[in-house]
Amino acid sequence: FSLWEQVWWLETTLSQIKGQKKTSKETETVKLSCTYSTSSEYVVLYWYRQYPNREPQFLLLKGARSRSDEHTSDDRFNSATTRTSTELTITDVRLSDSALYYCALRVEAQ
138 FSLWEQVWWL ETTLSQIKGQ KKTSKETETV KLSCTYSTSS EYVVLYWYRQ
188 YPNREPQFLL LKGARSRSDE HTSDDRFNSA TTRTSTELTI TDVRLSDSAL
238 YYCALRVEAQ
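Going by our numbering, the residue at position 71 of the sequence shown is 208; the numbering climbs one at a time, nothing skipped.
What follows is the structure, given as structure tokens:
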């Protein structure tokens with residue numbers, strides 16, 4: 138089965154910047170990446186997935202730069218961040234993980 142990654146950058150509007158297809162077998166680990174650019178030190182990165190004809194489903198949020206918090210909907214999902222990127226790791230991949238994946242960026246007031 139395949140995982141589709143759609144990467145979005147969010148500040149005041151949402152615009153698609155990259156998309157790629159990832160293929161995996163069940164129980165493997167998959168990594169999806171997203172790059173971003175902002176001068177703010179108060180950055181929160183989000184990952185969502187979307188099944189066909191459904192609304193996006195929250196997976197996790199991860200603080201970056203001056204933020205270090207992380208909240209996830211499932212322990213199989215975790216994220217690593219740098220000053221310009223975030224990477225979603227999905228462990229123990231399941232058939233139900235086949236979906237579109239989105240990342241979003243929120244810049245918070247200082």
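A virtual CB, placed ideally from N, CA and C, is assigned to each residue, including glycine. Source: prediction; values computed, not measured.
- Checking the DSSP bridge columns, you'll see ARG186 partnered with GLN194 and TYR238.
- A distance of 8 Å or more separates the beta carbons of THR226 and CYS240.
- Taking all protein chains shown into account, LEU196 has 16 or more neighbouring C-beta atoms within 10 Å of its C-beta and is therefore buried.
- According to DSSP, ALA217 shares a beta bridge with GLU224.
- The beta-carbon distance between LEU169 and TYR238, rounded to whole angstroms, is 5 Å. This is short enough to meet the 8 Å contact definition.
- By the neighbour-count criterion, in which 16 or more other beta carbons inside 10 Å mark a residue as buried, THR221 falls on the exposed side.
- Secondary structure at SER233: helix, using DSSP grouped into helix, strand and coil.
- One thing to note: ARG231 has its Cβ no nearer than 8 Å to the Cβ of GLU165.
- Taking the Cα positions, ASP212 is about 23 Å away from LYS158.
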